[in-house]
Each structure stands twice: as C-alpha cells, then as structure tokens.
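Quick note: the sequence shown uses full-length UniProt numbering, first residue 1, plus one each step. Backbone N, C-alpha and C fix where the C-beta goes; we use that ideal spot for every residue, glycine too.
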Amino acid sequence: MSRFGSVADRREFFRRAMEQENKPASSRPRIRSDNSDIARARRTRDINRTEVKTETITETKRSDEETKSDQETNRSDEVTKRSEPETTDRTEKVEESEKQNSDKINNNDETQIESNAEAPIEAKLDGPTSPTSPTTPTSPRTPTSPTSPISPTSPSRKEPRVLKKKPMMQRQQSVSSLVLTWCQDVTKDYPGVEIKNFSTSFYDGLAFCALIHKFNPDKFDFSELTPEDRRHNWTLALETGESVGISQMFDLEMMLRQRKPEPRSVQCYVQMIFSKYRPKDLDMSNLRIA
C-alpha cells in the first residue's frame with residue numbers, strides 16, 4: 001500500500017468527487033455560513049468608531065474655541081483694569097495742576113491789588129521835603145502820580161527765557177586733509193602732477209617723484225620722467241626716498257599690478273614724507289585723526 005491508500009480507494013474517492021460536481025446546485029448540501037453576519041457586525045463597529053471620532057473632534061474644537069474666547073476676555077479685562085488707574089491718575093494730576101495754577105493766579109492778583117492800594121497812600125504821605133541843610137536847600141519833591149490799578153482777571157506774564165549761547169568751538173582739521181593740501185601746495189609747479197586723492201593721483205608714480213624732487217632736486221631730473229613709464233617712476237621714487245631716510249614700505253610688483261593703488265598704504269608713505277619735510281612753524285595742535 002502506498003502513502004495515499006490503495007488504488008481502489010483512490011478510484012472510489014475520485015468517482016465520488018466527480019459525482020458531487022456533476023450534481024445540480026439545488027441538490028448539493030447547503031452549507032450555512034455566518035459571513036454576512038460578521039460583515040454587518042464589522043460595519044456597525046466601524047460606523048460607531050467613526051461617530052465617536054467625529055464627536056471627540058467636535059468636542060476638542062469647541063473646547064479650544066472656548067479657551068481662546070476665555071483668554072481674549074481675560075486679556076481685555078486686564079487691559080481695562082490697567083488703563084483705568086492710569087486714566088484716573090492722569091485726571092487727578094490734571095485737576096491738581098489746574099488747582100495750583102488757579103491758586104497762583106489768585107495770589108498774584110491779590111498781591112497786585114494790595115500793592116496798587118498802598119501806592120496812593122505812600123504818595124500822600126511823601127509831601128514836599130524840607131531842605132536838609134541851610135547851605136544847600138533841596139527842591140521839594142513832586143507828589144507821585146498813583147498808578148492805574150490792574151484788573152484782577154489779567155494773569156501775570158512771565159518774562160521770556162533767554163537761552164545762553166554756547167561758545168563757538170574752533171573747527172578741527174583732519175590729518176589726512178592737512179597732508180593732502182600740503183601735497184597740493186608742494187607739487188603745484190610740477191607739470192603733469194595733480195593730487196586730488198591718495199589713490200589714483202599716485203598711479204603713475206610722478207606724484208611721489210615730485211614730492212621727493214621738491215626737497216632733493218639734485219637727486220634726479222624730473223623733466224625726463226614720463227607718465228607712461230610707471231615702473232621707472234616708482235622705482236626711482238622709492239629708491240631715492242630710501243636713500244634720503246624714508247623707509248620703503250611698498251611691494252613694487254604688487255603696486256604695479258594694481259589699477260588703483262590702496263589709499264591707506266599711499267597715505268602712510270606720504271605722511272612719512274610730510275613728517276620729514278613739513279615746516280617747523282606749522283600749527284598741528286587743532287588736528288583730529290581721520
């Protein structure tokens with residue numbers, strides 16, 4: 001025998017199965033299933049869950065709206081509570097100031113009335129005076145005319161406040177502007193040199209050569225220089241300045257590569273020339289660093 005029984009048993013099994021399939025559906029045994037009931041139960045359960053979720057969502061929204069409204073009302077109440085004492089304090093201060101002003105005006109009016117009333121009495125008492133000494137008789141005084149009384153309603157006018165003028169401060173001049181004007185005065189007779197700033201005016205090197213040639217005319221001939229030969233001009237100015245005692249602080253190759261020289265470095269080098277050749281009687285007490 002095999003694992004699935006004998007051959008006859010298997011034939012019998014297949015025969016019954018074929019007969020069962022060939023029978024009509026009405027004659028087949030009807031198997032009862034509860035699938036429809038289970039589906040209905042699941043549907044009702046899902047419906048109940050969705051209803052519960054919607055209810056909880058609506059409740060949370062309502063609670064959030066209520067809390068927001070409560071917070072807004074609390075804020076408005078706090079603002080009103082804060083503003084009420086401030087308004088009351090302001091009104092009280094205004095009333096006090098008005099009372100003080102009215103009291104001052106009344107006091108001033110009373111003092112003016114009293115002074116006006118006493119003035120004619122004093123004038124009557126002061127009659128013509130007798131001479132003090134027999135040698136030098138004095139002329140009798142004329143009675144003073146009574147002053148017109150001031151109306152009690154007119155308030156006393158205060159004198160306008162006079163503002164004290166501050167003494168004018170002497171305008172300070174920056175070091176850079178002083179050095180620039182000095183360079184312009186020194187190089188005004190040199191053709192082709194016009195110093196307006198510490199950058200582009202020193203591009204071709206003629207300005208440096210003019211500054212150094214002004215105080216060292218025997219070092220080189222300025223008329224032989226041309227603005228096209230920048231390298232020659234820069235090297236001549238730096239080498240001549242170093243021979244005179246002005247230390248060289250430029251990188252020549254870097255300065256020749258630049259189309260616009262760096263103003264700070266140019267200004268530092270020009271200030272070294274200025275400090276060496278500036279006039280001794282130049283007043284530098286009223287300078288500011290800029």
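- Secondary structure note for S243: its alpha helix (DSSP H) is the uninterrupted segment 230-244.
- Here the C-alpha atom of E242 lies approximately 13 Å from the C-alpha atom of L211.
- For F14, the enclosing alpha helix (DSSP H) begins and ends at 7-22.
- A residue is called buried when at least 16 other Cβ atoms come within 10 angstroms of its Cβ; N233 meets this threshold and is buried.
- Taking each of A237, N22, Q71 in turn and checking the Cα distance to G205, the smallest one comes out for A237.
- Linking Q271 to A207 through their CA atoms gives a straight-line distance of about 14 Å.
- Excluding five sequence positions before and after F222, the CB atoms of its chain that fall closer than 8 Å to its own CB belong to Y190, C209, A210, H213, given in chain order.
- Under the DSSP assignment, S275 falls in the alpha helix (DSSP H) whose first and last residues are 263-277.
- One Cα belongs to E59, the other to I38, and the distance between them is close to 32 Å.
- Of the candidates R11, R43, R257, Q267, Q267 places its Cα closest to the Cα of S174.
- Taken atom to atom, the span from the alpha-carbon of F220 to that of L178 is near 27 Å.
- Nearest in C-alpha terms to L282, of all of E95, E21, K81, W182, is W182.
- Cβ neighbours of S199 within its own chain (closer than 7 Å, five residues either side excluded): K260, P261, P263, V266.
- Here R82 has no same chain residue with a Cβ atom under 8 Å from its own Cβ, once five neighbours each way along the sequence are excluded.
- The beta-carbon separation of I246 and K276, rounded to 6 Å, stays under the 8 Å limit for a contact.
- Spatial neighbours of R278 in its own chain (CB-CB distance under 8 Å, excluding positions within 5 residues in sequence) are listed in chain order as W182.
- For the 8 Å CB-CB criterion, Y269 and M249 form a contact.
- Contact annotation: G192 and P227 have beta-carbon atoms nearer than 8 Å.
- Sixteen is the threshold: since fewer than 16 other Cβ atoms of the shown chains lie within 10 Å of the Cβ of S97, the residue is exposed.
- Residue ranges of uninterrupted alpha helix (DSSP H) with 4 or more members are absent from the region 42-94; none lies entirely inside it.
- For M249, there is no enclosing alpha helix (DSSP H), as DSSP marks it with neither H nor E.
- Residue burial is scored here from C-beta neighbours: I273 has at least 16 other C-beta atoms within 10 angstroms and is therefore classed as buried.
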